[in-house]
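**Student:** In the UniProt record's numbering, the protein residues as written are 1 to 358. We put the CB at the ideal spot given by N, CA and C, even for glycine. The structure is given below, and queries will be raised subsequently.
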């Protein structure tokens, strides 16, 4: 489901950019971030209403709240300690001490919100320089980056996961080299800047996926999704403030950030990107990775470009596909099947480890 929602993002954004007076990246990040954060905060408030109501009925709840605060602090110290042991002291001692004093949810939200803002912001810029299909497959460089980054944190992806990641990467590269995936007359589609932006975005998405795997085991999905979305929206709001101040200094109107702000279709696309690929995907992603290791999840996410291709066909009239695209898409699907197999010594080890951590 997460892959499907993410797959709809690139084509929908390309439709948005095709409108008269499309919003710039700053406006996209602002409205998407604010709407997403508002929805997830409302969901978190609704999900925790029973806890708050019960808290006013007895004095024992005060002790429970204290225990919950302690439980939120302990995972931070434990997670940092595990990383120090696994990574050979990559985490400084001062960071470990600070992590033991700051609420775990705040640490998780700040880190994940930053990585996701970088990833989404750079991706939004990259989509102005390339096609939806090409960007959808290039972003799947995460299939290789995620297990590589996970290995630095002490996690040991199974042999099947590594094989699946390599097959998925090969399939995505095969599709990326397909010149028919974009208009040959569109020089920007093959610009170095566009490809570099999408690949940089893939790095930050991979980093967020790996770190989410650690945090999701200790924090409820709706709480984690709401907290990181709040940080994401806050950073977007700050970026908007800087951009607005720059426009004011130049004497330009604020509407320059979104000239066609009165377009109903543009608003509909913006709202969908915040609710579907944004809020709902964030919740399902956190929920799923509470039980699924990052490397395993990433190969499942490698089906995202297939959904992106389908949405591009429906919304953009489709883009030409050659045998390279067909072969690459098949490789991505096969990679997911390979990585999902847990039989053998590699898979058993991964399962046992995941069970202990959960």
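Ignoring anything shorter than 3 residues, give me the beta strand (DSSP E) runs that lie fully in the UniProt domain "EamA" (193-337), in order along the chain.
**Tutor:** none
**Student:** With a threshold of 8 Å on Cβ separation, who are the neighbours of residue 283 within its own chain once the five nearest residues in sequence on each side are excluded?
**Tutor:** Excluding residues within five positions, the ones whose Cβ falls inside 8 Å are 40, 43, 221, 222 and 225.
**Student:** Can you give the beta carbon distance from residue 8 to residue 329, rounded, assuming they're within the 8 Å contact cut?
**Tutor:** In fact, because the Cβ distance is near 17 Å, the residues do not count as touching under 8 Å.
**Student:** Do the stretch 123-141 and the stretch 152-161 touch if we need at least three Cβ pairs shorter than 8 Å?
**Tutor:** no
**Student:** With a threshold of 16 other CB atoms inside 10 Å of the CB of residue 132, please say whether the residue is buried or exposed.
**Tutor:** buried
**Student:** Between the beta-carbon of residue 254 and the beta-carbon of residue 246, is there less than 7 Å?
**Tutor:** Cβ distance not < 7 Å, so residue 254 and residue 246 don't count as in contact.
**Student:** Can you tell me whether residue 242 is buried or exposed, with buried defined as 16 or more other CB within 10 angstroms of its CB?
**Tutor:** exposed
**Student:** Quick check: the stretch 203-217 against the stretch 108-115, are at least 3 beta-carbon pairs closer than 8 Å?
**Tutor:** yes
**Student:** So, for residue 163: in the same chain, excluding its five sequence neighbours on each side, which residues have a beta-carbon less than 7 Å away from its beta-carbon?
**Tutor:** Sequence-distant partners of residue 163 (beyond 5 residues in either direction) whose C-beta falls short of 7 Å from its own C-beta, in its chain, are 338.
**Student:** Can you grab the Cα-Cα spacing for the pair residue 129 / residue 205, in whole Å?
**Tutor:** 19 Å
**Student:** According to DSSP, is residue 124 part of a helix, a strand, or is it coil?
**Tutor:** Helix, per DSSP.
**Student:** Residue 36: which of 305, 289, 272 and 104 sits nearest, CA to CA?
**Tutor:** 272
**Student:** For a test of the three-state rule: what should DSSP assign to residue 25, helix, strand or coil?
**Tutor:** helix
**Student:** Take every Cβ of the stretch 286-297, pair it with every Cβ of the stretch 249-265, and state whether three or more of those distances are shorter than 8 Å.
**Tutor:** no
**Student:** Does the distance from the C-beta atom of residue 308 to that of residue 10 stay below 7 Å?
**Tutor:** yes
**Student:** What are the boundary residues of the alpha helix (DSSP H) that residue 151 is part of?
**Tutor:** First-last of the alpha helix (DSSP H) with residue 151: 142-152.
**Student:** What does the alpha-carbon distance come out to for the pair residue 34 and residue 236?
**Tutor:** 8 Å
**Student:** Tell me the DSSP secondary structure of residue 70 in three-state form.
**Tutor:** Note on residue 70: pLDDT 45, under 50, position unreliable in the model; no value is reported.
**Student:** Apart from the five residues just before and just after residue 232, which ones in its own chain have a Cβ nearer than 6 Å to its Cβ?
**Tutor:** Once the five neighbours on either side are set aside, the close Cβ partners of residue 232 are 33, 113, 116 and 117.
**Student:** Hey, how far is the Cα of residue 314 from the Cα of residue 195?
**Tutor:** For residue 314 and residue 195, the distance between alpha carbons rounds to 24 Å.
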